[in-house]
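First to last, the protein sequences are chains Y and R.
Okay, so the first sequence: first residue is 59 according to the numbering used here, each after it adds one.
Okay, so the second sequence: first residue is 502 according to the numbering used here, each after it adds one.
Glycine is no exception: its CB is placed at the ideal position from the N, C-alpha and C atoms.
Report on the structure given below.
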Amino acid sequence: MAKTPKPVESLSYEEAMAELESIVAALEEGNQKLEEAMTLFERGQALMKRCAGLLEAAELKVQKLSGDALTPFAEEE
Amino acid sequence: MTLPLACGILAAVTQPTLFASVQWTVTRLTAHIRQTLESDPALQDVWVRGELSNVSRPASGHLYFTLKDAGASLRGVMWRTEASRLKVPLRDGMEVDVHGRIGVYEVGGQYQLYADALRPVGEGALYAEFLRLKALLEAEGLFDPARKREIPQLPKRIGIVTSATGAALRDMLDTLRRRLPLVDVILAPSPVQGADAPPTLAAALQNLNRLKPDTILVARGGGSIEDLWAFNDERVVRAVAASATPVISGVGHETDFTLTDFAADLRAPTPTAAAELATPVTLFDLASAMSDLGQRAETAMDRRIEAERVSLSNLRSRLLFVSPARRLQTERQRADEQGRRLEAACAHRLAFEAEKTAGLGKRLVALSPFEVLARGYAVVTRPADGSLIRSVGQLNPNEEIEVRVSDGKFGAIVNRKS
Numbered sequence: 059m060a061k062t063p064k065p066v067e068s069l070s071y072e073e074a075m076a077e078l079e080s081i082v083a084a085l086e087e088g089n090q091k092l093e094e095a096m097t098l099f100e101r102g103q104a105l106m107k108r109c110a111g112l113l114e115a116a117e118l119k120v121q122k123l124s125g126d127a128l129t130p131f132a133e134e135e
Numbered sequence: 502m503t504l505p506l507a508c509g510i511l512a513a514v515t516q517p518t519l520f521a522s523v524q525w526t527v528t529r530l531t532a533h534i535r536q537t538l539e540s541d542p543a544l545q546d547v548w549v550r551g552e553l554s555n556v557s558r559p560a561s562g563h564l565y566f567t568l569k570d571a572g573a574s575l576r577g578v579m580w581r582t583e584a585s586r587l588k589v590p591l592r593d594g595m596e597v598d599v600h601g602r603i604g605v606y607e608v609g610g611q612y613q614l615y616a617d618a619l620r621p622v623g624e625g626a627l628y629a630e631f632l633r634l635k636a637l638l639e640a641e642g643l644f645d646p647a648r649k650r651e652i653p654q655l656p657k658r659i660g661i662v663t664s665a666t667g668a669a670l671r672d673m674l675d676t677l678r679r680r681l682p683l684v685d686v687i688l689a690p691s692p693v694q695g696a697d698a699p700p701t702l703a704a705a706l707q708n709l710n711r712l713k714p715d716t717i718l719v720a721r722g723g724g725s726i727e728d729l730w731a732f733n734d735e736r737v738v739r740a741v742a743a744s745a746t747p748v749i750s751g752v753g754h755e756t757d758f759t760l761t762d763f764a765a766d767l768r769a770p771t772p773t774a775a776a777e778l779a780t781p782v783t784l785f786d787l788a789s790a791m792s793d794l795g796q797r798a799e800t801a802m803d804r805r806i807e808a809e810r811v812s813l814s815n816l817r818s819r820l821l822f823v824s825p826a827r828r829l830q831t832e833r834q835r836a837d838e839q840g841r842r843l844e845a846a847c848a849h850r851l852a853f854e855a856e857k858t859a860g861l862g863k864r865l866v867a868l869s870p871f872e873v874l875a876r877g878y879a880v881v882t883r884p885a886d887g888s889l890i891r892s893v894g895q896l897n898p899n900e901e902i903e904v905r906v907s908d909g910k911f912g913a914i915v916n917r918k919s
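Printed below as a string of structure tokens:
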């Protein structure tokens, strides 16, 4: 883990998930000091919240490519 | 030459005789015609081309039509089973090739075509072209299974090449939205049928590739074989094969196979299925994977804390064992013991003293003058100075004296001496 971890709000789902996975693996190894483990755990919880929030809020984004230009695509109902 | 005679013979043959020797019934005659026609092998396996008219399909499901050209018409019927296999809706005026056999409908007195296959004119040529191109591209290795790439499990960006207005797009977007709304979709719209379709489809594929999506869907809803034909175009097929991004094709319905399907990394039977195959991992999978991770983190943390608690408690026992408090306790116990011995010693001494005091008291009581008085003796004093009268000689007649007995004192006068 980086010394000053990025704020979870700035992480993409993939980044958050990857970090969460490595944190869980590290906690399962259990080689760190207790205080460090607590910090990791808290970070893990924040990451989980971030991921859950992203999943919750996920909304399919559709863009249209014309030539080289990307424009939002309005679907007809 | 005997021409008149010959004419007479001819007339006898071609003109009805007045009293026929052979009587056909309609049924027998019709049966004969039927037999004649149906025993001709050339009429039992025909492909006939003509224009459709009077197409009707009543509730029975059988299909009735008339096939005609400039010079003649032919009634036709296709039974329900065969008719239900038709991919193309039939309409009057359509040029078709029909396969079947010639038979007779005796009740109606009609000879007609019993059709078992029907295809729009041009389809045969298209099919030949399809086979030629397929063989060519296959020989080049464009359909080689070894070229097929894995479809990404969790795409972030999905490119779609299809018509911007078709149901296929709506189906795919609905499916993606339902399964994995995290993805960004980039639509490269293109007509999917007509002369413009092939070059536009190919260009859309190339344009999309520049944006490096994770997966590209090339799709079109169902239609007739001509409607799907753009997806058999060499330019489109080559563009699919050349795509740097894995391509999933979803063209037409389950039974339709186009060359695009062969060139794609994965063939889906429909546009919806293509969108499903593009999202092997769904939002639901992600959520449950996450809760699994959360569970694991908590388990790991609980285990860790429990382990710390156990080692803390071990340390505590060891610490208590070596602690000065333990020695203090020992000392305190010893001090208590000393205290008790001291107390015991003191108590003993006190009892001894108390006994001694009681003895002394008794002796004191025995010596008390009041004890003597109690036995009947009296003490006589001179009230003037309180001096004790020990002998008669100390007294004078009529002198006032004071006599003390055990319960008090009284005054007296000396009246005589003896």
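Contacts around residue i, its chain only, beta-carbon distance under 6 Å, and the 5 residues preceding and following it disregarded
i: ILE806(R); result: none
i: GLU583(R); result: ASP617
i: GLY509(R); result: Since pLDDT at GLY509(R) reaches only 46, below the 50 mark, its modelled position is unreliable, and the value read off the structure follows with that caveat. No residues qualify anywhere along the chain.
i: LEU889(R); result: THR882
i: LEU506(R); result: Low per-residue confidence applies at LEU506(R): pLDDT is 46, beneath 50, and the placement is therefore not dependable enough to give any value.
i: VAL549(R); result: VAL599
i: ALA513(R); result: At ALA513(R), the pLDDT of 49 sits below 50, so the modelled position is not reliable; the number obtained from the coordinates is stated separately. There are no such residues.
Neighbourhood of residue i by C-beta distance below 8 Å, restricted to the same chain and skipping five residues each side
i: ALA657(R); result: One detail in the question is off: residue 657(R) reads as Lys in this sequence, not Ala. Answer for LYS657(R): LEU683, VAL684, ASP685 and ASP715, listed in chain order.
i: PHE131(Y); result: VAL120, GLN121 and LYS122
i: VAL605(R); result: THR531, ILE534, ARG535, LEU538, GLU539, GLN611, TYR612 and GLN613
i: ALA95(Y); result: LEU85 and GLY88
i: PHE631(R); result: ASN733 and LEU760
i: ASN555(R); result: TYR565, PHE566, THR567 and ASP593
i: ILE914(R); result: ASN899, GLU900, GLU901 and ILE902
i: SER664(R); result: LEU670, PRO690, SER691, PRO692, VAL693 and ARG721
i: ALA76(Y); result: none
i: LYS918(R); result: VAL893, LEU896 and PRO898
i: ALA74(Y); result: VAL66, LEU105, ARG108, CYS109 and LEU112
i: THR858(R); result: none
i: LEU712(R); result: ARG658, GLY660 and ILE687
i: LEU821(R); result: ARG827
i: LEU128(Y); result: GLN121 and LYS122
Whole-angstrom C-beta distance between residue j and residue i, which should lie under 8 Å
i: ASP728(R); j: LYS649(R); result: Contact flag wrong, Cβ pair sits at about 27 Å.
i: ARG108(Y); j: GLU67(Y); result: 7 Å
i: ALA776(R); j: LEU677(R); result: 5 Å
i: LEU874(R); j: SER907(R); result: 4 Å
i: ALA720(R); j: PRO772(R); result: 4 Å
i: ILE933(R); j: MET673(R); result: Nothing can be reported for residue 933(R): it is not among the residues displayed for chain R, which extend from 502 to 919.
i: LEU637(R); j: VAL782(R); result: Contact flag wrong, Cβ pair sits at about 38 Å.
i: ARG739(R); j: PRO700(R); result: Rounded, the Cβ-Cβ distance is 12 Å, inconsistent with contact.
Amino acids of chain Y, ordered along the chain, whose beta-carbon sits closer than 7 Å to that of residue i
i: ARG586(R); result: By Cβ distance, chain Y contributes nothing, its closest Cβ being about 34 Å from ARG586(R), past 7 Å.
i: ARG678(R); result: LEU118
i: PRO692(R); result: By Cβ distance, chain Y contributes nothing, its closest Cβ being about 14 Å from PRO692(R), past 7 Å.
i: PRO682(R); result: ALA116, GLU117 and LEU118
Within chain Y, partners of residue i - CB distance below 8 Å
i: GLU809(R); result: LEU92
i: ARG805(R); result: LEU85, GLY88, LEU92 and ALA95
i: LEU702(R); result: Residues of chain Y passing the Cβ test: none, with the nearest at roughly 13 Å.
i: PRO653(R); result: Correct list: empty, because the minimum Cβ distance to chain Y is about 12 Å.
i: MET791(R); result: MET75, LEU78, MET106, CYS109, ALA110 and LEU113
7 Å Cβ cut-off: residues of chain R touching residue i
i: ALA76(Y); result: Result: empty, since nearest Cβ-Cβ is about 11 Å, beyond 7 Å.
i: LEU69(Y); result: Neighbours of LEU69(Y) on chain R: none; closest Cβ ~14 Å, over 7 Å.
i: VAL120(Y); result: LEU674, VAL686 and LEU688
i: GLY102(Y); result: ALA798
Residue closest to residue i, alpha-carbon to alpha-carbon, out of the options
i: ARG891(R); options: GLU901(R), ASN899(R) and VAL880(R); result: VAL880(R)
i: TYR628(R); options: THR759(R), GLN524(R) and ARG819(R); result: THR759(R)
i: SER557(R); options: ALA571(R), PRO590(R), TRP525(R) and VAL549(R); result: PRO590(R)
i: GLY723(R); options: ILE717(R), THR756(R), SER691(R) and VAL738(R); result: THR756(R)
i: PRO653(R); options: ALA689(R), THR780(R), ARG819(R) and HIS849(R); result: THR780(R)
i: ALA560(R); options: ASP546(R), PRO542(R) and SER585(R); result: SER585(R)
i: VAL598(R); options: ARG841(R), VAL547(R), ALA573(R) and LEU843(R); result: In the sequence on display, residue 598(R) carries Asp and not Val. If we check each option's Cα against that of ASP598(R), VAL547(R) comes out closest.
i: TYR615(R); options: GLN545(R), GLY695(R) and LEU829(R); result: GLN545(R)
i: GLU117(Y); options: GLY562(R), ARG679(R) and ALA573(R); result: ARG679(R)
i: PRO770(R); options: THR528(R), LEU718(R), ARG581(R) and ALA855(R); result: LEU718(R)
i: PHE763(R); options: ALA845(R), ARG827(R) and ASP645(R); result: ASP645(R)
i: GLU651(R); options: MET595(R), VAL748(R), GLU639(R) and ASP675(R); result: VAL748(R)
i: TYR878(R); options: VAL904(R), ALA845(R), GLY572(R) and GLY562(R); result: VAL904(R)
i: GLY887(R); options: GLY695(R), LYS910(R) and VAL866(R); result: LYS910(R)
Chain-ordered neighbours of residue i on chain R, where CB pairs are closer than 8 Å
i: VAL82(Y); result: LEU794, ARG797, ALA798 and ALA801
i: GLU73(Y); result: Within chain R, no residue comes near GLU73(Y); the closest Cβ sits about 12 Å away, beyond 8 Å.
Sequence-distant residues of the same chain with beta carbon closer than 7 Å to residue i, five excluded per side
i: ASN710(R); result: SER744, ALA745 and THR746
Neighbouring residues, chain Y, relative to residue i (Cβ below 9 Å)
i: LEU787(R); result: TYR71, MET75, CYS109 and LEU113
Review point. Pairing CB atoms from the segment 749–768 of chain R with CB atoms from the segment 787–802 of chain R, are three or more of them under 8 Å?
Key: With fewer than three CB-CB distances shorter than 8 Å, the segment 749–768 of chain R does not count as touching the segment 787–802 of chain R.
Review point. Touching or not, the segment 567–580 of chain R and the segment 616–623 of chain R, by the rule of three or more beta carbon pairs under 8 Å?
Key: Yes, the segment 567–580 of chain R touches the segment 616–623 of chain R.
Review point. Counting Cβ pairs, one atom from each stretch, are 3 or more of them under 8 Å apart for the segment 693–707 of chain R and the segment 807–816 of chain R?
Key: Contact check between the segment 693–707 of chain R and the segment 807–816 of chain R: fewer than three CB pairs, one atom from each, fall below 8 Å, which does not count as touching.
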